[in-house]
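Line by line, the protein sequences give chains A and B. Each residue of the first sequence is one higher than the one before, starting from 1009 at the first, in my numbering. Each residue of the second sequence is one higher than the one before, starting from 45 at the first, in my numbering.
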Amino acid sequence: MRQSPYHRPRDPFWYMRRSVYRRYMVREATSVFIGLWMLNLILGILQLSRGEAAWTAWLTWQQHPLMLTFSGLTLIMAMVHTTTWFAIAPKAMPKFIAGKAVVHQQVVIGHWLVFGLVSLFLLVAVYWGA
Amino acid sequence: MTIPATDNTSETAPSKSEAGITLEILRYIPGTHSEPTFQRFEIPYVEDWSMLDALGYIKDELDSSLSYRWSCRMAVCGSCGMMFDGVPKLACETFLRDYYPRPIRVEPLENFGIERDLVIDQEPFLEKLESVKPYIIDAMANAPSGKPGAPAGHERETIQAGENRQTPKELALFDQYSMCINCLLCYSACPQFGLNPAFLGPAAISLAHRYNQDNRDQGNADRAPALNEEDGVWSCTFVGYCSEVCPKSVDPASAIQQEKVRGATDWALSWLLPKGAR
Ligand code: SF4
Ligand code: FES
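Below, the structure is given as structure tokens:
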């Protein structure tokens, strides 16, 4: 009879073993910062609904050096996430779109273009809108 | 005909006084070893030896009990996958000279059960492969005399039914994915498969994608259940190392992402479209 195969124990720190895995874990870890920052934003909306005093308190808290550092760090993390994500985005693309072969470089450039335009629009809307 | 008397001893039977190299091979013989342990082998260093040649030397000259799989010696059959210094590679296209003079660690493919020495258990993979139906389903449905959806009659299977033509572009949609040799290097590269052995995995999904992309095939719906369940494409978190180690440039990561897009689109359409139109 066939012996059942031997299974080696799994290394709990597998993600430290290869640079590819470490880079992957960094990409995943960036979302923790983005998640926390979103929580902060939701908290802000909650404070807004509680009246002016609560809202101003939240706004002041945002200017605290600790929060500024956190926001800056989150911005860097978001950029890391965006860059790594855009770089692998072509893999999710079909080989042809509307009969034309998809060029990987163009997909990446297209992502950055849309990203840039949306960011610009939001900046303009925030500063000159309202 | 006389053969010129050249000194070709280094090619066939290198003497021990020449340069050597050390291989540390993970050994496991069920019934004899309770767990795998490394065994060192000192072998002659021959510049043009592949790892497969080195293993062959050990089996012929030093220890005939060493087990490993191989067949074609030219990266076609996919049997000789193993880990060299922790990186999954084909033994027949990995060379001693790329490691010399350092010792080389040779281990069976990671994330698989070990049958014996460097031989891993392929059974679970073969079951997965079967589950995605890696063959053309109802090939002649779109042939001139065929009708899509009609049961495959014997008549339609014959050449009288007409040619099933394919343009270069239609071929380009899947040919890269048809290059897979089932070597399983991608499974050893995948940490998600390591954490969850039920994950369908890179090669099985690539082959499913290969047939899903083939315009002669009518089996997308048959493959959907295996692909779209939790252990299907959705277990992939896009680490991407599978595509780096693939010796055939199949790029399994791209197949998985494209099948995710297909799965999500089908799901969205299933809400939007009336039943009959899907
Ligand atoms: S996809 Fe590449 S690495 Fe994976 S089994 Fe096929 S040939 Fe091997
Ligand atoms: S022996 Fe066939 S792929 Fe290496």
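Backbone N, C-alpha and C define an ideal beta-carbon position, used for all residues, glycine too. Quick caveat, the model's predicted, so the values are computed rather than measured.
Helix, strand or coil at residue i [DSSP, three-state]
i	result
B:Pro241	coil
A:Tyr1029	helix
B:Leu70	strand
B:Arg141	helix
A:Leu1121	helix
B:Lys133	strand
A:Val1111	coil
B:Arg306	helix
A:Val1088	helix
B:Met118	coil
B:Ile225	coil
B:Val294	coil
A:Tyr1014	strand
B:Pro80	coil
B:Arg160	strand
B:Glu171	helix
B:Val176	coil
Test item: CB-CB of residue i and residue j under 8 Å
i	j	result
B:Met162	B:Tyr221	Here residue 162 of chain B is Leu; the residue named in the question, Met, does not match the sequence. Their beta carbons are not under 8 Å apart, which means B:Leu162 does not touch B:Tyr221 by this criterion.
A:Trp1063	B:Pro235	no
B:Asn272	B:Asn264	no
B:Lys103	B:Leu110	yes
B:Ser250	B:Cys224	yes
A:Val1082	A:Phe1123	Residue identity check: residue 1082 of chain A is Thr in the sequence provided, not Val. Not closer than 8 Å, so no.
B:Ile65	B:Tyr89	yes
A:Val1116	A:Thr1038	no
B:Glu137	B:Pro291	yes
B:Ile148	B:Asp261	no
B:Ala135	B:Ser94	yes
A:Lys1099	B:Ala297	yes
B:Ala252	B:Arg267	yes
A:Trp1066	A:Leu1051	yes
A:Pro1013	B:Glu171	no
B:Leu106	B:Phe139	no
A:Val1028	B:Val283	yes
A:Phe1104	A:Val1110	yes
B:Glu91	B:Arg141	yes
Within-8 Å CB hit, residue i to chain A
i	result
B:Pro195	Only weak support exists for where B:Pro195 lies, its pLDDT of 48 falling under 50; the value from the coordinates is given anyway. It does not: the Cβ of B:Pro195 has no partner Cβ on chain A nearer than 8 Å.
B:Pro80	yes
B:Gln2	Absent from the model: residue 2 of chain B. The displayed extent of chain B is 45 to 322, so no value can be given.
B:Ala297	yes
B:Ala216	yes
B:Val150	no
B:Ala312	no
B:Gln302	yes
B:Lys213	yes
B:Tyr285	yes
B:Asp107	no
B:Pro269	no
B:Ile69	no
B:Pro74	yes
B:His198	Caution is warranted here: a pLDDT of 49 is assigned to B:His198, below 50, making its placement in the model unreliable, and the coordinate value is therefore given only provisionally. Taking Cβ atoms only, chain A never reaches closer than 8 Å to B:His198, which makes this a no.
B:Glu288	yes
B:Val305	yes
Same chain only: Cβ atoms within 8 Å of residue i, ignoring 5 sequence neighbours per side
i	result
B:Pro241	Asn155, Pro168
B:Leu153	Gly125, Met126, Met127, Pro132, Ile164, Leu228, Leu229, Tyr231, Ser232
A:Met1024	Arg1030
Own chain, CB closer than 6 Å to residue i, minus 5 neighbours either side, in chain order
i	result
B:Leu229	Gly125, Pro132, Val289
B:Gln218	Checking the sequence, you will find Phe at residue 218 of chain B rather than Gln. Excluding residues within five positions, the ones whose Cβ falls inside 6 Å are Arg254, Gln257, Asp258.
B:Gln301	none
B:Gln83	Ile69, Arg71
A:His1015	none
B:Ala63	Tyr89
B:Gly238	Asn155
is_contact[residue i, chain B] using C-beta, thresh 8 Å
i	result
A:Pro1102	yes
A:Val1028	yes
A:Gln1114	no
A:Gln1055	no
A:Pro1013	yes
A:Lys1108	no
A:Ile1096	yes
A:Pro1058	Before going further, note that residue 1058 of chain A is Arg rather than Pro in the sequence given. No, A:Arg1058 does not count as interfacial toward chain B.
Neighbourhood of residue i by C-beta distance below 7 Å, restricted to the same chain and skipping five residues each side
i	result
A:Trp1069	Met1075
B:Gly276	Leu244, Ala270
A:Phe1094	Val1116, His1119, Trp1120
B:Glu151	Leu70, Met126, Met127
B:Cys121	Ser115, Ile225
Contact the stretch 71-83 of chain B vs the stretch 121-136 of chain B: 3+ CB pairs below 8 Å: No, the stretch 71-83 of chain B is not in contact with the stretch 121-136 of chain B.
Sufficient close CB pairs (3 or more, under 8 Å) joining the stretch 282-301 of chain B to the stretch 312-319 of chain B: no
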